[in-house]
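Undergrad: This is the structure, below, for whatever I ask next.
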Ligand code: UD1
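Shown next, in the form of structure tokens:
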């Protein structure tokens, strides 16, 4: 049996881990220990995902959150190292590009433990973005780089990384397929909010580059309010944005503001939305999975294929291109492929 430690900590990682942990159960051969760093800790940002997505309870929760990025990452590094020294796993699995990802990768690399990076190879080519540093460093430390798109394989090749890279598709697509029917059956979000099917837009906003500059935040809120003239715009609010708006004295008049939503409510909303506006990477693709056009509230996107295929555009960029389907994300088998590659690489 391969002994694997998985590091998660922030909301998008719970979604990805749900798909892959389910595949561990079906493929077999791997004994997984889940370590939650604690980066996200509110019920609406963490526990709801474990419940709704039936993710196994974390073996350990380190309870490390907040503070500066350096302090957060440093405390995680120290705590994860202790676990890895005790357990000496055969591999460490990390997801995406958060501080928890980098801390897990650094801790494993210093103990010479192979690192598996799911969602490898994404690039914004903007080093001021904390996630870009996290993903570049994690990719350069990883043994197995499991990529969601063809562009991500090309990005790694440009940095001289070819060994251990595989295009497996997007495990978030697997998670969407798994939850879609249940979301339609159990979520009451439309009636709770009094929304008509195909009569509203969904927005999210949380990136540091958008929230931490009050002028930019004000312009983005104005952009959402201009859309709200033609239909209700539902805005589940990340705690970072709430704090930033409060300290900049900005309000959210005309928008339907809510606490962060769980996975099932979000997918129920997406299923009947006419437009998504977001700075989240995950939501750009989830919009496409539901065939809803997306306006990305950033100056670039890591998910270039969504723009090329006409489903996504940048808020200050050119209009949508002609639409076609995207075949990068797979058929819902990305997590199974990920586990098969792990078994092969770590056996
Ligand atoms: C992190 C990730 C980002 C990801 C996002 C998903 C990094 C660098 N960024 O950003 O890539 O898209 O998660 O949501 O890792 N907070 C709460 N309650 C919570 C979680 C956070 O109040 O449950 C507060 C924190 O205390 C902090 C702020 O929100 O003040 C930001 O949290 P943090 O974990 O630093 O980063 P995110 O903005 O969530």
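In our numbering, the protein residues as written are 1012 to 1358. Backbone N, C-alpha and C fix where the C-beta goes; we use that ideal spot for every residue, glycine too.
(1) For residue 1247 and residue 1358, what's the separation of their Cα atoms in angstroms?
(2) Quick one: does the C-beta of residue 1320 sit closer than 7 angstroms to a heavy atom of the ligand GDP?
(3) Quick one: is the Cβ of residue 1052 within less than 7 angstroms of any heavy atom of the ligand UD1?
(4) Would the region 1047 to 1055 count as touching the region 1144 to 1154 if we require 3 or more Cβ pairs under 8 angstroms?
(5) Would you say residue 1070 and residue 1113 are within 8 angstroms of each other, going by their C-beta atoms?
(6) Of the choices 1352, 1353, 1078 and 1348, whose alpha-carbon is the least far from that of residue 1180?
(7) Does the beta-carbon distance from residue 1267 to residue 1204 come in below 8 angstroms?
(8) What does the alpha-carbon distance come out to for the pair residue 1088 and residue 1172?
(9) Quick one: does the C-beta of residue 1145 sit closer than 7 angstroms to a heavy atom of the ligand UD1?
(10) According to DSSP, simplified to helix, strand and coil, what is residue 1173?
(11) If you follow the beta strand (DSSP E) that residue 1156 is part of, which residue opens it and which one closes it?
(12) Is residue 1198 buried or exposed, if buried means 16 or more other CB atoms sit within 10 Å of its CB?
(13) Would you mind giving the Cβ-Cβ distance between residue 1066 and residue 1120, rounded to the nearest angstrom? I have them listed as a contact below 8 angstroms.
(14) May I have the straight-line CA-CA distance separating residue 1195 from residue 1056, to the nearest angstrom?
(15) Label residue 1136 either buried or exposed according to how many other C-beta atoms from any shown protein chain fall within 10 Å of its C-beta, with 16 as the threshold for buried.
(16) Ignore the nearest five residues each way along the sequence and tell me which others in residue 1086's own chain have a CB closer than 6 angstroms to its CB.
(17) In terms of residue numbering, what span does the alpha helix (DSSP H) encompassing residue 1144 cover?
(18) Residue 1130 by DSSP, collapsed to three states: which one?
(19) Kindly indicate the opening and closing residues of the beta strand (DSSP E) around residue 965.
(20) Using the rule of at least 16 other Cβ atoms within 10 Å of the residue's Cβ for burial, across every protein chain shown, is residue 1166 buried or exposed?
(21) Assuming contact is defined by CB atoms lying nearer than 8 angstroms, are residue 1324 and residue 1350 in contact in what I supplied?
(22) Tell me the rounded alpha-carbon separation between residue 1141 and residue 1080.
(23) Any idea if residue 1297 is buried or exposed, counting beta-carbon neighbours within 10 angstroms, 16 or more meaning buried?
TA: Result, derived from the coordinates:
(1) 43 angstroms
(2) The model depicted lacks the ligand GDP and carries the ligand UD1 instead.
(3) yes
(4) no
(5) no
(6) 1348
(7) yes
(8) 25 angstroms
(9) yes
(10) coil
(11) 1155 to 1158
(12) buried
(13) Not confirmed; about 26 angstroms, so no contact.
(14) 21 angstroms
(15) exposed
(16) 1075
(17) 1141 to 1152
(18) coil
(19) What is shown of the chain runs 1012 to 1358, which leaves residue 965 out entirely.
(20) buried
(21) no
(22) 8 angstroms
(23) buried
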